[in-house]
Structures are given as structure tokens and as C-alpha cells.
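Residue numbers (the UniProt record's numbering): 1 to 654.
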Ligand SMILES: Cc1cc2nc3c(=O)[nH]c(=O)nc-3n(C[C@H](O)[C@H](O)[C@H](O)COP(=O)(O)OP(=O)(O)OC[C@H]3O[C@@H](n4cnc5c(N)ncnc54)[C@H](O)[C@@H]3O)c2cc1C
Ligand SMILES: CC(=O)[C@@H](O)[C@H](O)COP(=O)(O)O
């Protein structure tokens with residue numbers, strides 16, 4: 001283990017490096033862990049400083065951007081003084097041509113300068129015929145972001161920041177509300193404060209809704225006659241495209257905005273679109289020499305605002321999600337975050353950018369006290385509303401943790417979060433599985449879901465749904481552990497392991513599952529693998545140290561019931577760990593059937609969530625699970641070929 005570092009910054013893009021330099025200048029020891037990925041947003045960007053041309057609506061983001069634009073000249077001067085490098089800072093103004101005339105009202109009321117068809121051509125000759133006028137934003141400008149990156153790295157080196165390239169942070173270790181260390185591909189590192197500044201990849205470390213928005217770019221070379229200036233001197237920010245002329249004659253053309261996940265590369269379609277739009281705006285571009293194509297990932301967030309400030313633990317700070325304006329926002333981010341670290345001073349503007357703003361209201365304090373507002377749930381005949389308790393000794397024990405309910409439920413597919421909350425309460429289950437990926441990306445139907453349950457009462461079972469390979473599942477499992485910790489379950493090391501490459505039947509990959517299970521068990525996880533009902537695989541998983549096995553009854557969501565009965569019976573017979581029948585259960589009788597067979601528990605999602613009355617069905621499933629368990633414990637009568645009369649045959653009246 002390394003010596004303790006004061007501040008550890010995860011990510012060495014413009015945000016991480018700007019914070020590092022600022023902190024170092026204030027006298028703190030800083031280490032930057034940087035995975036060194038070429039397609040970082042900071043290298044891909046166009047470098048526009050364009051709060052006005054981007055047409056940001058009035059609000060906290062515009063305020064933050066304006067503050068940063070105001071800080072820019074001084075920030076650049078500081079970096080130039082340290083490094084002696086030219087950063088291509090150019091407050092050249094931005095011209096924003098349009099193809100459709102805005103209404104006279106808008107033109108009249110807007111405080112920015114409107115230029116008509118003739119005036120705009122005086123500002124910029126050579127515009128395309130479709131341009132009918134435009135806006136002039138004299139205070140916007142540009143910087144050469146690649147030069148800025150070089151300067152930040154050089155400044156960091158000169159000042160004594162430790163930059164560890166090639167170090168990928170895999171997970172944060174937390175204890176009692178504090179991050180204690182980070183685990184990296186090169187070992188463990190300890191610090192006092194940890195700053196998450198890894199752009200689009202933030203969601204790989206913490207359950208944050210940051211996702212990549214791919215942008216493709218292209219650069220051409222502007223020609224110019226000897227002793228004459230380049231034809232473009234200021235940024236042209238046209239409809240869906242921009243042209244950013246550098247002072248050395250390079251013209252940056254951008255950009256696509258694609259919600260395609262981590263799909264890499266430039267594509268013919270993307271480049272064709274860029275060229276088409278650029279030549280409509282400024283036709284001469286069509287003949288200029290192409291210098292380069294590239295692409296990068298903007299760190300997008302659901303509300304397009306960055307995530308800044310403390311998050312979860314008191315020594316964990318976010319500085320990510322800068323989406324389209326991270327180059328512009330670097331100086332203000334560095335300033336505010338350095339202040340927060342050193343002076344423990346949180347500028348009020350940071351209130352708008354808190355990482356927990358996507359969390360919704362928690363569920364009512366006690367699941368069992370939840371009022372059933374939407375669907376009536378009848379009391380059982382004896383007036384007892386509970387179904388889960390059998391006898392105190394009949395507990396389900398998984399990885400040393402005891403549960404009295406043997407029903408596990410899911411959180412997906414419900415018509416609404418309140419109905420999910422009520423269903424969980426009605427089922428009286430104690431373990432609820434949560435799809436880490438969907439929660440972290442705030443996928444439709446999963447917004448605020450993680451916060452909707454009272455994790456003081458329900459045990460979270462993070463699952464790796466959506467993972468097609470062992471590697472993905474391992475990564476998502478680690479995220480799940482962080483998610484559980486952040487939601488207050490410090491000691492939760494459970495993971496429901498799903499490795500499912502097949503999208504039609506959602507059948508799990510046995511080899512990927514075993515591989516991932518081996519790694520996760522070694523990392524201290526209590527692994528609950530979802531498997532086909534394969535007794536040999538179940539045995540192997542038990543041997544590598546899994547906490548349960550979870551054979552499927554039939555394909556997920558199919559409601560076909562227990563089609564794999566014979567194999568599940570073998571698994572139950574042979575296993576020394578709990579067997580949880582997972583997936584395909586469609587009715588309470590099938591839940592009961594699994595329990596009567598001797599399964600230790602059942603996991604049911606679709607049959608509850610998609611029922612006409614989910615809350616009522618949840619109640620029924622809870623009762624059926626108990627009934628099945630009681631039946632199993634009671635010992636069923638043997639099956640006979642012939643009838644045996646119920647009433648005694650002796651002593652009958654003739
Ligand atoms: C095509 C395009 C055009 C843009 N144009 C503009 C513009 O004109 N003006 C503007 O203001 N903004 C623009 N942006 C947005 C801007 O580039 C980003 O908001 C900004 O660069 C984000 O900086 P960052 O440091 O947060 O992320 P990045 O620059 O992506 O840096 C993140 C760093 O973290 C590292 N990392 C990732 N995971 C780990 C890990 N687990 N452990 C260690 N290190 C890790 C990565 O390797 C990378 O070095 C543009 C973006 C794109 C893609
Ligand atoms: C939520 C979950 O983990 C499901 O993948 C699980 O397998 C349940 O399957 P059903 O939806 O068929 O009940």
C-alpha cells in the first residue's frame with residue numbers, strides 16, 4: 001500500500017487537471033490517477049467558450065458558464081506564466097447564422113446583436129445562400145483545448161503534482177461514511193479526499209447517471225494567399241454545426257451528438273453529416289484539405305447540468321458531467337472545488353449541481369406500514385396481516401445473514417414507483433433485487449428507484465442485469481456494492497450475478513457466470529448466480545464459493561412456471577447452499593410448487609409487477625411462498641395409485 005496522499009483526483013481530463021493545478025497552487029499535495037484514454041472529451045472538444053452561442057437558458061448553468069468565461073483570461077494568463085506555452089485563447093466573438101428568420105419580437109427584444117442578411121455578410125463574407133441573418137455574441141470566444149491540456153499537464157509536472165498515467169480506478173473502498181482508499185489496476189491508494197473527475201466514465205465507479213454522448217469531429221486546413229489573413233477569423237456557430245478557426249489556419253468542424261453508448265469510431269454517416277452541414281453554412285469548406293477526423297465522449301447527465309460538490313461520504317467530491325461545456329467550465333470548476341476542499345467552503349451555486357439531485361423521496365419509513373392507497377389488500381381471515389413469519393427458527397440464511405421471508409422480489413416493470421413500494425410492502429419480502437445498470441443510468445421506469453425503498457428495512461440485492469460478459473458483470477457488481485453502500489448498507493456485499501448474452505430467451509451464459517463468480521468471490525462478494533437449471537454448474541458454483549444458486553424455472557418474464565422441475569430437484573438434493581428458484585414463476589401456485597419442492601426461496605418479479613393488481617398479487621405470492629414452505633416442512637403424503645377412503649372402513653353401519 002502506498003503512503004497517504006492528501007488529495008486523489010480520479011481522471012486527468014481538463015476538469016481533473018485544472019483542479020489538480022489549482023489545489024497544488026494552494027499548497028496541497030495532489031495525485032491524479034488517469035487511465036489515459038485517447039478519446040477523452042477534453043482532447044476531442046472544439047474549445048468554444050460559448051455560453052451565449054449555445055443558447056443556454058437563464059438559470060444556474062448559464063450563471064456558472066458566465067462566471068467561468070469571466071475567469072478565463074486570468075486562468076489562461078496563469079497557465080501561460082507557469083508553462084510559457086501559448087494556449088490559443090482567442091476572445092474572437094461568435095457569429096451565429098440562422099436559416100429561418102426569428103420573429104421580429106425576438107430580434108427586437110434580444111439583447112444580443114441581430115444582424116440581417118446584408119449585415120452578417122459584412123461581418124463574414126462567403127456565407128451560404130441559405131443564411132438569412134444571425135446573432136453576434138462579441139463576448140464568446142475559443143481556446144485551443146489540446147494546447148490547454150498540454151499546458152495543464154506541464155504545469156502539473158512543474159508544480160509537483162503526481163500524475164499517474166495508466167492507472168485505472170476500479171472501485172472506492174468505504175467505511176463509516178468515509179472513503180478509505182481506492183482500488184486500482186496498480187494496487188490500492190489511500191488519500192484524505194477523493195475527487196471524481198473521470199468524465200463520461202464516472203458511472204463506472206459510482207452509481208451516477210452520467211453517460212457518454214458521442215461527438216464526431218473533423219478538421220480542415222484553411223488556405224490563404226500570402227500576406228492575407230485566413231478567410232475565417234471568428235467562430236461560426238450555425239444550425240447544428242460550428243466552424244472554429246484556429247489562429248494557425250486549422251478549422252475545426254463539429255459536431256455530431258449521438259446517444260449511442262460507448263460505440264466507438266468515426267462513421268461515414270457522421271462525417272457526411274458534418275460536411276453537409278458545414279458546406280451549407282460556408283460553401284468554400286468543400287474544397288479545403290482534410291487534416292483529421294476524431295471523436296470523443298461528452299459526459300452527459302439527464303438534466304445536462306454538471307455534478308459538483310460533496311457526494312455521499314464527507315471526503316468524496318464530484319466534478320463531472322460537464323457535458324457540452326466542460327472546456328468553458330474548467331476554470332470555475334477548479335476554483336469552486338479547490339475552495340470546497342481547502343476552505344470547506346461550498347459556494348451557494350453548487351447547491352444546483354449536487355450529485356444527489358436525481359434521488360427522489362424515500363419510501364415511507366416502514367414498508368409494513370405503507371398505506372395501500374391504490375389497491376385494496378384484504379386482511380387474512382385471522383386478522384393477521386403478515387405472511388412472512390413461520391417460526392423464528394425457520395430462517396433463510398445467505399452468507400451468514402438471516403431472513404425470515406423466503407420471497408425475493410424485483411423492482412422493474414411496475415406501473416409506478418408508489419405501486420412498486422406498496423407491492424414490496426404487501427409481499428413482506430425482505431430482499432429486493434435492483435438492476436444496477438438501469439438505476440445508475442436512470443433508465444425509463446428506474447428514475448429515483450434506488451431511493452424509493454427503505455433500505456433500513458429491506459436488504460438490497462444488486463443485480464448485474466444487462467451484462468453480456470463476465471467482465472461487464474464484474475464491473476457492474478462492484479458498482480452495485482458502491483450503490484448499496486451509498487444507500488446506507490455499508491456491509492452489503494451481495495450480488496445477484498447475471499451474465500446474459502442471449503436477448504431472445506435471456507438464458508444465462510454458464511461459462512461467463514462461472515468466470516465472473518470466481519473473481520467476485522475472491523473479491524469478497526456474496527455471489528448469488530442466476531443459472532439455467534444445470535446441476536453440474538450449480539455444483540461448480542458452490543465449489544468456487546457462491547452463497548446460493550438461483551436456477552431458473554423458465555425464461556425471465558415468460559410466466560411459464562417451473563419447466564425445469566426435474567433438474568431443480570437434483571440441484572436441491574445436492575446443494576449445501578440455499579437454492580433460490582428464480583424467473584418464470586407466473587402464479588402463486590407455482591411459487592408454492594417451488595417451495596414445496598424444497599427450494600429455499602423464490603425470486604419473482606414479472607408476475608407481480610405486471611399483474612392487473614400488483615399489490616394484491618404481491619400479497620398472494622408472499623402467502624404462497626409461506627404456504628409452500630409450510631407444506632414442505634410438514635411433509636406431503638405419498639402418492640398412491642388407488643383411492644384410500646378418508647373415513648374409517650371399520651365400524652360402519654350396515
Ligand atoms: C466532440 C466534442 C466537442 C466539444 N466541444 C466543446 C466546446 O466547444 N466547448 C466546451 O466547453 N466543451 C466542449 N465539449 C465538452 C468538453 O469537452 C467536456 O465537457 C470536458 O472535456 C469534460 O472534461 P472531463 O475532464 O470531465 O472529462 P474527459 O476529458 O473525458 O476526461 C476524463 C478522464 O478520466 C479518465 N478516466 C476515466 N475513467 C477512469 C478511471 N476509472 N480511473 C482513472 N481515470 C479514468 C479518462 O481516461 C480521461 O482522461 C465537447 C466535447 C466533445 C466530445
Ligand atoms: C428481477 C430479476 O432479477 C429477474 O431477472 C428475475 O429473474 C425474475 O424473473 P421473472 O420476472 O420471470 O419473475
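Using N, Cα and C, we set each Cβ at its ideal position, and we do this for glycine too.
These figures come from a predicted structure and were not determined experimentally.
Ranking 127, 47, 132 by CA distance to the CA of residue 115 puts 132 first. Put simply, of 190, 192, 82, 212 the residue whose alpha carbon is nearest the alpha carbon of residue 199 is 212. Contact between residue 301 and residue 210 is confirmed by a C-beta separation of about 6 Å, below the 8 Å threshold. Ranking 529, 310, 614, 346 by CA distance to the CA of residue 357 puts 310 first.
By the Cβ test, the region 494–507 is in contact with the region 460–468, since at least three Cβ pairs between them sit closer than 8 Å. For residue 606, the shortest C-beta to heavy atom distance toward ligand 2 is below 8 Å. Counting other Cβ atoms within 10 Å of its Cβ, residue 333 reaches 16 or more and is therefore classed as buried. For residue 182, the enclosing beta strand (DSSP E) stretches over residues 178–184. By the criterion of a C-beta distance shorter than 6 Å, residue 238 is surrounded in its chain by 97, 281, once the five residues flanking it on both sides are discounted. Annotated three-state conformation of residue 137 is strand, per DSSP. Bridge partners of residue 293 according to DSSP: 218. Cβ contact annotation for residue 66 (same chain, cutoff 6 Å, sequence separation greater than five): 51, in chain order. Note on residue 322: 16 or more other CB atoms within 10 angstroms of its CB, so buried under the neighbour-count rule. Within 10 angstroms of the beta-carbon of residue 124 lie 16 or more other beta-carbons, which makes it buried. Under the Cβ criterion (8 Å, minimum of three pairs), the region 531–542 counts as touching the region 572–580. Short note on residue 463: C-beta not closer than 8 Å to any heavy atom of ligand 1. For residue 92, no alpha helix (DSSP H) encloses it, and the DSSP letter there is neither H nor E. Counting C-beta pairs closer than 8 Å gives three or more between the region 52–63 and the region 334–353, which meets the contact rule. Taking 8 Å as the cut-off, one finds no heavy atom of ligand 1 near enough to the beta carbon of residue 52. Here DSSP, grouped into helix, strand and coil, assigns residue 245 to strand. Residue 13 and residue 153 have their C-alpha atoms spaced approximately 10 Å apart.
At a threshold of 8 Å, residue 558 counts as near ligand 2, since its beta carbon sits closer than that to one of the ligand's heavy atoms. Between residue 47 and residue 196, the gap from beta carbon to beta carbon reaches 9 Å or more. In this structure the region 217–237 lies against the region 90–106, because at least three pairs of beta carbons, one per stretch, are closer than 8 Å. Residue 515 and residue 613 have their C-alpha atoms spaced approximately 40 Å apart. By the 16-neighbour rule on beta-carbons within 10 angstroms, residue 628 is buried. Around the beta carbon of residue 600, 16 or more other beta carbons sit within 10 angstroms, so the residue counts as buried. Residue burial annotation: residue 325 is buried, with at least 16 other C-beta atoms found within 10 angstroms of its C-beta.
Taken in chain order, the complete alpha helix (DSSP H) segments of 4 residues or longer contained in the region 40–125 are 41–44, 60–83, 104–109, 117–123.
Just so you know, the alpha carbons of residue 188 and residue 258 end up roughly 36 Å apart. Annotation: the region 574–617 contains the following complete segments of the alpha helix (DSSP H) (minimum length 4 residues), in chain order: 588–596, 606–609.
Residue 231 and residue 84 have their C-alpha atoms spaced approximately 29 Å apart. In this model, residue 180 and residue 594 are separated by some 43 Å (Cα to Cα).
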